[in-house]
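Working notes, beginning with the structure itself.
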Amino acid sequence: MEVVMYELLIKQRDTVNKWMDRFGVRFGIYKNGVFNEQLFPFDPIPRIITNEDWVEIETGLKQRVLALNKFLYDIYHEKKIVKDGVIPEEFIYSSSGYLPQCEGVTPSKNIYSHISGIDLVQNKDGTWYVLEDNLRIPSGASYPMIARSITRKVSPETFKTNILYDNRNYSALLRKTMDYVNVDNGLEVILTPGRYNSAYFEHSYLAEKAGVLLAYADDLIVEDDKVYYKGLYDKKERVGVIYRRISDDFLDPLVFESGSLLGVPNLFRAYSEGNVAIVNAFGNGVADDKGIYYFVPKMVEYYLGEKAILKNAPTYLPYFEEDQTFVLENLSRLVIKDVAEAGGYGVMFGRDMDDIRLAEVRKLVEIEPRRWIAQEVIDFIDLEIMDGEKKVLRKSDLRAFVLSGEDTMVWPSGLTRYTRNPHSFIVNSSQGGGFKDTWVMKKQ
Amino acid sequence: MESTKKNDGISSVKAGRLYWMGRYAERVYHALHLLRKHYDRMIDEEPNAYKDFCFKMGIADQYTSAENFIESYLYDSENPDSIINMLEHLNDNAILLREEIKSETLSYIQLAINYMKSSKMKGKGLGGLQYITDCMLALWGSVDERIFTRQVRHIILFGKFVECIDLHIRFDYSLDRINNLYDRLKECFYGDYELFDEVQFYAFEKQLNIYNYKDSKTLAFLNNIFKA
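As structure tokens, this is what we get:
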């Protein structure tokens with residue numbers, strides 16, 4: 001069976017790529033200040049997740065996201081987890097994602113992270129590890145969604161012989177989530193920074209498939225603490241939910257970055273008055289800080305009274321003296337991450353550093369221990385990709401998407417990203433990585 | 001259960017993009033059509049017929065020869081009047097309208113751009129560009145079939161017919177043909193009178209039926225009817 005699905009997809013890959021091109025499946029990057037759009041490299045060999053693995057991943061992800069949502073509510077209200085000494089308060093207040101303006105604010109239906117992108121890797125022994133939680137504006141779901149639409153069209157035989165979950169329902173899950181938190185049955189919009197955002201394809205494609213409006217900052221206005229869409233003939237229509245694809249800093253120039261032209265003045269006020277749902281909520285950055293990541297298994301135990309099903313990669317916090325000593329002694333075999341960075345930036349592998357660089361990094365860790373985490377390098381599995389006519393092995397991860405509305409739903413697919421560089425572990429598209437479809441197999 | 005809530009809404013900026021998308025798509029289609037007619041004359045009758053084309057089109061004759069005209073007018077991205085530039089302008093509007101016009105409609109524009117780029121590399125002349133015409137016809141089919149919001153469809157079609165009438169007037173088509181197109185244009189109103197400037201509209205109608213429709217004022221009135 002494996003031969004059938006691989007060979008057919010590989011044979012048809014040029015056709016698949018032509019379809020991708022025709023549908024404009026691109027992402028934008030800025031290089032030397034110039035914006036360029038390029039096709040997101042697609043590899044025809046899918047990542048396959050067995051049903052047995054999926055059951056565990058799905059259960060673990062639901063548990064993790066539920067705990068993270070409880071944590072966010074707690075942090076912006078009673079802060080029991082800090083008072084009970086589970087997380088040091090410094091990790092909350094020194095986080096760049098913590099927004100004091102959100103203190104006491106409860107979002108619609110008490111959901112903070114509606115769309116959570118959890119990055120996972122599978123170790124060679126089969127164990128799945130969580131590498132990162134992305135609770136602000138995780139992107140990438142549109143790519144496997146459109147890839148599946150195209151591959152099913154181009155190679156229907158492949159999907160006759162392989163029994164897997166359909167992943168084209170992501171937009172329906174998104175819509176269901178937006179419907180649930182919608183305030184006063186208002187309009188549902190995706191707020192985009194515009195065409196020159198790296199993920200603009202995704203914004204417009206999801207708007208199309210979910211049947212919601214794609215709005216730009218100028219399309220929205222806040223009056224009497226309510227958000228309106230400015231239609232034709234000066235007609236204003238109430239907005240009930242905004243799936244924003246703009247980060248907190250730029251979303252309301254009157255509260256955050258004052259020079260932002262991408263945001264909507266007074267949006268935060270409308271949100272804090274409960275007159276509009278913001279997907280994902282303001283202030284989520286405090287929970288996906290790489291330093292907070294360390295504490296997620298403890299959160300699961302604290303809020304849910306359960307052991308975390310999904311493991312974190314073994315992580316050390318130089319903030320704790322014992323960990324710092326360990327990190328400084330073992331730096332050459334660990335990976336060091338700057339907690340404030342994302343997108344594969346600020347990641348340093350000790351094994352790639354010479355003695356001078358190691359000494360520099362040691363110093364950085366000593367001066368600002370809160371800024372860094374250190375992790376064991378997980379020897380995660382390589383996946384086959386096509387390199388010209390050859391199959392080669394490359395590192396890859398999986399971004400799974402969890403949608404929290406009336407129910408917590410895990411999308412039975414995900415964005416599998418791979419590195420094209422044989423010596424690299426960095427899979428981010430902004431650093432030249434490609435993507436694969438992710439097949440979650442049904443129980444036979 | 002699938003959501004039944006409609007998220008209809010068109011901002012004035014979006015309406016403008018829809019209108020210009022319609023105009024540019026029709027301009028690509030019609031410019032190629034008119035170019036073929038003039039090119040036919042250029043083969044063995046009147047090598048400089050392209051000058052007449054430029055004059056009627058209202059574009060500067062900046063070309064050194066018939067060959068230079070064909071090469072530049074089709075493919076030169078530095079030439080603001082070229083077909084490739086029209087396609088890029090069409091795409092600039094359409095790419096911001098994906099959720100309204102649907103990915104399939106948008107794809108015909110991308111196919112046309114890809115084809116133009118590869119035709120340039122292969123040195124294809126006008127004869128090789130029937131595919132672009134086919135893409136534009138497919139685009140109109142897709143507009144008709146896939147865009148369910150009446151107002152969205154009608155604004156695009158309004159742009160299409162304004163462009164079409166404009167070119168028909170410029171290229172001396174008969175009044176009968178123009179009136180036929182004008183009837184199609186009026187079908188796009190559908191009660192959305194606020195989108196259109198009534199004064200310009202009636203002035204245009206008068207030019208067509210009472211005064212000389214070849215008068216330059218006719219085009220000015222026509223091009224100012226849409227006001228979103």
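These protein sequence lines map, in sequence, to chains A and B.
FYI, the numbering used here numbers position 113 of the first sequence as 113, with every residue one higher than the one before it.
FYI, the numbering used here numbers position 18 of the second sequence as 18, with every residue one higher than the one before it.
Ideal Cβ positions, reconstructed from N, Cα and C, are used throughout, including at glycine.
Predicted, not measured: the structure shown is a model, and the values here were computed from it.
Would you mind reading off the limits of the alpha helix (DSSP H) that contains residue i?
i, result
"Thr385 (chain A)", "Before going further, note that residue 385 (chain A) is Ile rather than Thr in the sequence given. It is not in any alpha helix (DSSP H) - Ile385 (chain A) instead sits in the beta strand (DSSP E) that spans 382–387."
"Ile57 (chain A)", "51–75"
"Ala203 (chain B)", "198–209"
"Ala446 (chain A)", "With chain A covering only 1 through 444, there is no way to say anything about residue 446 (chain A)."
"Val28 (chain B)", "12–44"
"Arg146 (chain B)", "130–146"
"Ser72 (chain B)", "66–75"
"Gln324 (chain A)", "321–330"
"Asn17 (chain A)", "13–22"
"Gly159 (chain B)", "150–170"
"Asp248 (chain A)", "248–251"
Is it right to say residue i is buried, meaning 16 or more other beta carbons lie within 10 angstroms of its own, or is it exposed?
i, result
"Tyr228 (chain A)", "buried"
"Ile190 (chain A)", "buried"
"Ser116 (chain A)", "buried"
"Tyr182 (chain B)", "buried"
"Gly388 (chain A)", "exposed"
"Gly104 (chain A)", "exposed"
"Asp125 (chain A)", "exposed"
"Gln63 (chain A)", "buried"
"Thr416 (chain A)", "buried"
"Met121 (chain B)", "exposed"
"Pro156 (chain A)", "exposed"
"Lys390 (chain A)", "exposed"
"Asp172 (chain B)", "exposed"
"Leu261 (chain A)", "exposed"
"Arg394 (chain A)", "buried"
"Leu137 (chain B)", "exposed"
"Asp355 (chain A)", "exposed"
"Phe282 (chain A)", "buried"
If I measure Cβ to Cβ from residue i and keep anything under 7 Å in the same chain, skipping five residues before and after, which residues do I get?
i, result
"Gly60 (chain A)", "Ile309, Leu310"
"Gln62 (chain B)", "none"
"Arg26 (chain A)", "Glu37, Gln38, Leu39, Phe40, Phe201"
"Thr471 (chain A)", "Nothing can be reported for residue 471 (chain A): it is not among the residues displayed for chain A, which extend from 1 to 444."
"Phe35 (chain A)", "Gly28, Tyr196"
Could you pull the start and end residues of the beta strand (DSSP E) that residue i belongs to?
i, result
"Asn134 (chain A)", "128–134"
"Val392 (chain A)", "390–404"
"Lys436 (chain A)", "434–440"
"Phe256 (chain A)", "Per DSSP, Phe256 (chain A) belongs to no beta strand (DSSP E) and is neither H nor E."
"Gly291 (chain A)", "Careful: Gly291 (chain A) lies outside any beta strand (DSSP E), inside the alpha helix (DSSP H) at 290–293."
"Gly28 (chain A)", "26–31"
"Met409 (chain A)", "408–410"
"Glu237 (chain A)", "236–244"
"Lys363 (chain A)", "No beta strand (DSSP E) contains Lys363 (chain A), which is instead part of the alpha helix (DSSP H) from 355–367."
"Val227 (chain A)", "226–230"
"Gln38 (chain A)", "34–39"
"Tyr418 (chain A)", "415–418"
Using a Cβ-Cβ cut-off of 6 Å (strictly less than) and excluding sequence neighbours within five positions of residue i, which residues of its own chain qualify?
i, result
"Asp288 (chain A)", "Asp133, Asn134, Leu135"
"Ala66 (chain B)", "Met42, Pro47, Tyr50"
"Ser95 (chain A)", "Val286, Asp289"
"Arg13 (chain A)", "Pro44"
"Leu398 (chain A)", "Leu120, Gly414, Thr416"
"Ala340 (chain A)", "Ser96"
"Ala215 (chain A)", "Val189, Leu191"
If residue i and residue j are in contact, beta carbons under 8 Å, what's the gap, nearest whole angstrom?
i, j, result
"Asn51 (chain A)", "Tyr112 (chain A)", "Actually they do not touch by this definition, with Cβ atoms about 31 Å apart."
"Val241 (chain A)", "Trp19 (chain A)", "Contact flag wrong, Cβ pair sits at about 32 Å."
"Ala400 (chain A)", "Ile10 (chain A)", "26 Å between Cβ atoms; not a contact."
"Ala25 (chain B)", "Lys160 (chain B)", "7 Å"
"Arg333 (chain A)", "Val276 (chain A)", "Contact flag wrong, Cβ pair sits at about 49 Å."
"Val392 (chain A)", "Pro412 (chain A)", "Not a contact, Cβ separation roughly 28 Å."
Please list, in chain order, all residues of the same chain as residue i whose beta carbon is under 8 Å from its beta carbon, the five residues on each side excluded.
i, result
"Ala15 (chain B)", "Ile155, Leu195, Ala228"
"Glu2 (chain A)", "Only weak support exists for where Glu2 (chain A) lies, its pLDDT of 46 falling under 50; the coordinates are left without a value."
"Tyr213 (chain B)", "Ile169, Leu175, Ile178, Gln207"
* Near-chain A residues of the stretch 1–26 of chain B - C-beta to any C-beta below 9 Å -> If the cut-off is 9 Å between Cβ atoms, the stretch 1–26 of chain B has Met1, Glu2, Ser3, Lys5, Lys6, Asn7, Asp8, Gly9, Ile10, Ser11, Ser12, Val13, Lys14, Ala15 near chain A.
* Cβ-based contacts, 7 Å cut-off: residues of the stretch 89–118 of chain B near chain A -> Cβ contacts with chain A come from Ile95, Leu96, Arg98, Glu99, Lys102, Ser103, Leu106, Ser107, Gln110, Leu111, Asn114.
* the stretch 135–163 of chain B: positions lying closer than 9 Å to chain A by Cβ -> So the list reads Gln151, given in the order they occur along the chain.
* Between the stretch 177–208 of chain B and chain A, which residues of the former have CB atoms less than 9 Å from a CB of the latter, in chain order? -> Asp192, Glu194, Leu195
* **Under 9 Å (Cβ pairs) to chain B, residues found in the stretch 182–201 of chain A** => Listed by position, the residues of the stretch 182–201 of chain A near chain B (Cβ gap below 9 Å) are Asn182, Asn185, Leu187, Glu188, Val189, Ile190, Gly194, Arg195, Tyr200, Phe201.
* Selection of the stretch 231–245 of chain A by Cβ proximity to chain B, strictly under 8 Å -> Gly231, Leu232, Tyr233, Glu237
* In the stretch 261–288 of chain A, which residues sit with their C-beta less than 8 Å from some C-beta in chain B, listed in chain order? -> For the stretch 261–288 of chain A, the set of residues with a beta-carbon nearer than 8 Å to any beta-carbon of chain B is empty.
* Contact set between the stretch 155–180 of chain A and chain B, restricted to residues whose Cβ is under 9 Å from the partner -> Ala172, Arg175, Lys176, Met178, Asp179
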